[in-house]
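A.B. asks: Numbered according to UniProt numbering, the sequence shown spans residues 1 to 393. Ideal Cβ positions, reconstructed from N, Cα and C, are used throughout, including at glycine. Let me begin by handing over the structure; questions about it come next.
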Amino acid sequence: MERTCGHTSRFASRHPGKSRGVSGDLNEQDLHTLTQSVFRHPPIRLLLLAVVTFLLGSLVPPLLIGQMKPLPTDLQASYRSNPAETVMLAPAAMAEGAVPEENRARAECREGSFPDVPYSCLVVETTAHRELTVATAAAPARDEVDVTATTQLHAEGTLLAEVSDTLRLDRRSTYPVSDPVSELSVTIPALERETTTGPSVREGLQYFFPFPPERRSYPRYDTVAQRPLLLDYIGEVERAGLESFEFHHTFTALPLTAPDDNRPRQEEAENSVFTTLEAWGLGSVWYSVDRTVWVEPKSGTLVDTQERIHIYFAADHAEAEERAFAPAPEFSILHTAATWDGATVERQHERAAGVASRLRVLQVSAVLLKTVALAAVIWAVVLLLRERRGRAS
Numbered sequence: 001m002e003r004t005c006g007h008t009s010r011f012a013s014r015h016p017g018k019s020r021g022v023s024g025d026l027n028e029q030d031l032h033t034l035t036q037s038v039f040r041h042p043p044i045r046l047l048l049l050a051v052v053t054f055l056l057g058s059l060v061p062p063l064l065i066g067q068m069k070p071l072p073t074d075l076q077a078s079y080r081s082n083p084a085e086t087v088m089l090a091p092a093a094m095a096e097g098a099v100p101e102e103n104r105a106r107a108e109c110r111e112g113s114f115p116d117v118p119y120s121c122l123v124v125e126t127t128a129h130r131e132l133t134v135a136t137a138a139a140p141a142r143d144e145v146d147v148t149a150t151t152q153l154h155a156e157g158t159l160l161a162e163v164s165d166t167l168r169l170d171r172r173s174t175y176p177v178s179d180p181v182s183e184l185s186v187t188i189p190a191l192e193r194e195t196t197t198g199p200s201v202r203e204g205l206q207y208f209f210p211f212p213p214e215r216r217s218y219p220r221y222d223t224v225a226q227r228p229l230l231l232d233y234i235g236e237v238e239r240a241g242l243e244s245f246e247f248h249h250t251f252t253a254l255p256l257t258a259p260d261d262n263r264p265r266q267e268e269a270e271n272s273v274f275t276t277l278e279a280w281g282l283g284s285v286w287y288s289v290d291r292t293v294w295v296e297p298k299s300g301t302l303v304d305t306q307e308r309i310h311i312y313f314a315a316d317h318a319e320a321e322e323r324a325f326a327p328a329p330e331f332s333i334l335h336t337a338a339t340w341d342g343a344t345v346e347r348q349h350e351r352a353a354g355v356a357s358r359l360r361v362l363q364v365s366a367v368l369l370k371t372v373a374l375a376a377v378i379w380a381v382v383l384l385l386r387e388r389r390g391r392a393s
């Protein structure tokens with residue numbers, strides 16, 4: 001009995017670490033040595049690599065993509081349309097009813113002014129183009145953005161009309177906020193008049209699409225009709241060299257001076273240009289629009305647009321339907337079209353392609369990192385099985 005106890009004592013004095021291991025009391029040096037030995041073990045190192053790469057692939061790319069989705073607060077963009085054949089009420093005639101110079105050769109238009117001459121004497125054929133500038137700025141709330149947009153219609157170097165639009169959008173959905181902060185003003189230089197509508201609550205998309213867009217219809221706010229018009233998803237097509245979602249709508253005979261949609265109108269709209277023209281006694285003022293929009297499906301970037309609009313007189317809804325897109329000088333106020341010019345399409349193509357390329361890199365990176373993680377796990381399992389076979393033999 002004494003020999004056994006003595007043997008144990010001598011063993012403990014010669015192997016202090018062994019003794020503490022038996023009692024479960026390890027010092028810091030033992031823990032450090034044990035940790036080093038564990039992390040030097042190839043399967044463990046491979047499993048750690050798998051965990052790190054899997055986390056990187058699962059968290060980093062989605063985080064970076066999420067940061068790309070909100071609308072920027074420092075955007076400056078311009079869009080210009082090609083010159084298009086236009087039938088329109090001459091600017092000088094709009095103010096005074098005077099016959100424009102190019103129509104005075106016609107027998108019925110030589111003397112007098114409207115209403116002594118037919119209305120068609122005031123209408124001219126020309127070419128016109130549209131210019132749109134859009135800018136964003138930081139809003140009081142971080143998840144919102146203020147948008148200022150100006151649309152100008154030019155004909156042969158003359159500014160015919162300018163629409164100034166201010167609104168506030170949710171940066172992620174690109175829909176307007178529910179606060180009455182949107183304002184719209186229309187200026188007709190020939191009339192020296194500005195009509196302002198607002199502040200009001202805006203409805204529907206307008207200058208941007210969500211990131212990414214969905215295959216569904218979207219309400220799009222129309223600044224002429226001053227209401228959202230449903231823009232239908234048509235399908236996926238190639239446009240400007242990019243796979244794009246195509247959206248389209250056609251609306252005819254929308255009343256501008258006697259709205260039939262039961263939506264509240266601002267008091268300022270009562271003195272609008274359309275109300276003034278209605279007083280000429282040629283009927284109510286109506287609006288028809290045919291619009292197609294192409295959107296890059298990954299980023300929601302506008303790739304191209306195409307519009308045909310007609311503002312005109314008609315006695316009633318049935319007549320307005322008949323005259324919807326007929327550019328006749330007897331009743332047309334403005335009949336024109338707008339398609340983006342080559343420089344605008346190329347710039348939007350590069351913007352959409354750049355975003356799509358960054359998204360592709362991030363998505364591929366996520367797949368590669370997860371593939372590395374899977375390969376590391378598989379190799380770690382192989383090494384562990386080899387070790388067990390070696391011990392068994």
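For R80, does the three-state DSSP call read helix, strand or coil?
C.D. replies: The count along the sequence shown starts at 1 and reaches residue 80 at position 80. In this structure, R80 counts as strand in the three-state DSSP scheme.
A.B. asks: Mind listing, in chain order, the continuous beta strand (DSSP E) runs of no fewer than 3 residues lying wholly within the stretch 154 to 242?
C.D. replies: Qualifying beta strand (DSSP E) stretches, in chain order: 158 to 170, 182 to 188, 193 to 200, 218 to 222 and 227 to 239.
A.B. asks: Measuring alpha carbon to alpha carbon, tell me which residue in T86, V87, T197 and V123 is nearest R104.
C.D. replies: One-based indexing of the sequence shown puts residue 104 at position 104. Checked all of T86, V87, T197 and V123; the closest Cα to R104 is V123.
A.B. asks: Report the CB separation of E183 from T166 in whole angstroms; it is logged as a contact under 8 angstroms.
C.D. replies: Counted from its first residue, the sequence shown places residue 183 at position 183. Counted from its first residue, the sequence shown places residue 166 at position 166. Right, the Cβ-Cβ distance comes to about 5 angstroms (below 8 angstroms), so this counts as a contact.
A.B. asks: Strictly by DSSP, which residues pair up with L59?
C.D. replies: On the sequence shown, residue 59 is found 59 positions in, with the first residue counted as 1. Looking at the DSSP assignment, L59 forms no beta bridge with any residue, so it has no partner.
A.B. asks: Quick one: Cα of P83 to Cα of T126, how far?
C.D. replies: Taking the sequence shown and counting its residues from 1, one reaches residue 83 at position 83. Taking the sequence shown and counting its residues from 1, one reaches residue 126 at position 126. One C-alpha to the other measures close to 10 angstroms.
A.B. asks: In three-state DSSP terms, what is F54?
C.D. replies: Residue 54 sits at position 54 when you count from the first residue of the sequence shown. Here F54 sits in helix by DSSP.
A.B. asks: If R202 and P176 are in contact, beta carbons under 8 angstroms, what's the gap, nearest whole angstrom?
C.D. replies: Position 202 of the sequence shown, counting from 1, holds the residue named residue 202. Position 176 of the sequence shown, counting from 1, holds the residue named residue 176. Indeed, because the Cβ distance is near 4 angstroms, the residues count as touching under 8 angstroms.
A.B. asks: Determine the extent of the beta strand (DSSP E) in which A137 is found, giving its start and end residues.
C.D. replies: Residue 137 sits at position 137 when you count from the first residue of the sequence shown. Counting along the chain, the beta strand (DSSP E) containing A137 begins and ends at V123 to A138.
A.B. asks: List the endpoints of the continuous alpha helix (DSSP H) containing E307.
C.D. replies: Your numbering for residue 307 matches position 307 in the sequence shown. First-last for E307: L302 to A314, but that is the beta strand (DSSP E), not the alpha helix (DSSP H).
A.B. asks: Less than 8 angstroms between the C-beta atoms of A353 and L242, yes or no?
C.D. replies: The residue given as residue 353 occupies position 353 in the sequence shown. The residue given as residue 242 occupies position 242 in the sequence shown. Yes, Cβ-Cβ distance for A353 and L242 is below 8 angstroms.
A.B. asks: On the CB-based measure, 16 or more other CB atoms within 10 Å of its CB, does L71 come out buried or exposed?
C.D. replies: Reading the sequence shown from its first residue, position 71 is the one you call residue 71. Result: buried.
A.B. asks: Compute the Euclidean distance between the alpha carbons of residue 395 and P329, then round it to the nearest angstrom.
C.D. replies: A question about residue 395 goes unanswered here, because the residues of the chain that appear run from 1 up to 393.
A.B. asks: Can you list, in chain order, the residues of its chain whose CB lies under 6 angstroms from that of T151, leaving out five sequence neighbours each side?
C.D. replies: Numbered from 1 along the sequence shown, position 151 holds the residue referred to as residue 151. Same-chain partners within the cutoff: L132 and V163.
A.B. asks: Residues in the same chain with beta-carbon distance under 7 angstroms from Y119, minus the five sequence neighbours each way, listed in chain order, please.
C.D. replies: Here residue 119 refers to the residue found at position 119 of the sequence shown. L282 and E330, listed in sequence order.
A.B. asks: Check whether the Cβ atoms of T53 and L385 lie closer than 8 angstroms to each other.
C.D. replies: As a working note, residue 53 is residue 53 in the sequence shown. As a working note, residue 385 is residue 385 in the sequence shown. Cβ atoms of T53 and L385: not closer than 8 angstroms.
A.B. asks: For T195, which of A161, R168 and R227 has the nearest alpha-carbon?
C.D. replies: For the purposes of this step, residue 195 is taken as residue 195 along the sequence shown, with counting starting at 1. Selected option, being the one with the closest Cα: A161.
A.B. asks: What are the boundary residues of the alpha helix (DSSP H) that T276 is part of?
C.D. replies: Taking the first residue of the sequence shown as position 1, residue 276 is located at position 276. V273 to E278 is the extent of the alpha helix (DSSP H) around T276.
A.B. asks: Using only the alpha-carbon positions, how far apart do I309 and G66 sit?
C.D. replies: Within the sequence shown, residue 309 is the residue found at index 309, counting from 1. Within the sequence shown, residue 66 is the residue found at index 66, counting from 1. Computed Cα separation, rounded: 37 angstroms.
A.B. asks: Could you pull the start and end residues of the alpha helix (DSSP H) that A93 belongs to?
C.D. replies: Working through the sequence shown from its first residue, we reach residue 93 at position 93. Per DSSP, A93 belongs to the alpha helix (DSSP H) from P91 to E96.
A.B. asks: Return the Cβ separation of L256 and F274 in integer angstroms, given the expectation that the two are a contact with Cβ distance under 8 angstroms.
C.D. replies: The residue given as residue 256 occupies position 256 in the sequence shown. The residue given as residue 274 occupies position 274 in the sequence shown. At roughly 5 angstroms, the Cβ-Cβ gap stays under 8 angstroms, so L256 and F274 are in contact.
A.B. asks: Excluding sequence positions up to five away, which residues of its chain have a Cβ less than 7 angstroms from the Cβ of L153?
C.D. replies: Against the sequence shown, residue 153 aligns to sequence position 153. Excluding residues within five positions, the ones whose Cβ falls inside 7 angstroms are A128, R130, L160 and A161.
A.B. asks: Rounded to whole angstroms, how far is the Cβ of A135 from the Cβ of L75, which I believe are closer than 8 angstroms?
C.D. replies: Taking the first residue of the sequence shown as 1, we reach residue 135 at position 135. Taking the first residue of the sequence shown as 1, we reach residue 75 at position 75. Contact holds; Cβ gap of about 7 angstroms.
A.B. asks: In its own chain, which residues sit with a C-beta less than 7 angstroms from the C-beta of D170, not counting the 5 before and 5 after it?
C.D. replies: Here residue 170 refers to the residue found at position 170 when the sequence shown is read from its first residue. Counting only Cβ-Cβ distances below 7 angstroms, and skipping sequence neighbours, we find D143, E144 and V177.
A.B. asks: For T371, count the other beta carbons within 10 Å of its own beta carbon; 16 or more makes it buried, fewer makes it exposed. Which is it?
C.D. replies: If you number the sequence shown from 1, residue 371 lands on position 371. T371 is exposed by the Cβ-count criterion.
A.B. asks: Strictly by DSSP, which residues pair up with M88?
C.D. replies: As a working mapping, residue 88 is identified with position 88 in the sequence shown. Paired residues: V124 and L334.
A.B. asks: Just to confirm my understanding: we take S200, look at its own chain, exclude 5 residues before and 5 after, and list those with CB closer than 6 angstroms. What are they?
C.D. replies: For the purposes of this step, residue 200 is taken as the residue at position 200 of the sequence shown. Closer than 6 angstroms at the Cβ level, and outside the excluded window around S200, lie P180 and S182.
A.B. asks: If you reduce the DSSP assignment to three classes, tell me which class P255 lands in.
C.D. replies: Within the sequence shown, numbered from 1, the residue matching residue 255 stands at position 255. Strand, per DSSP.
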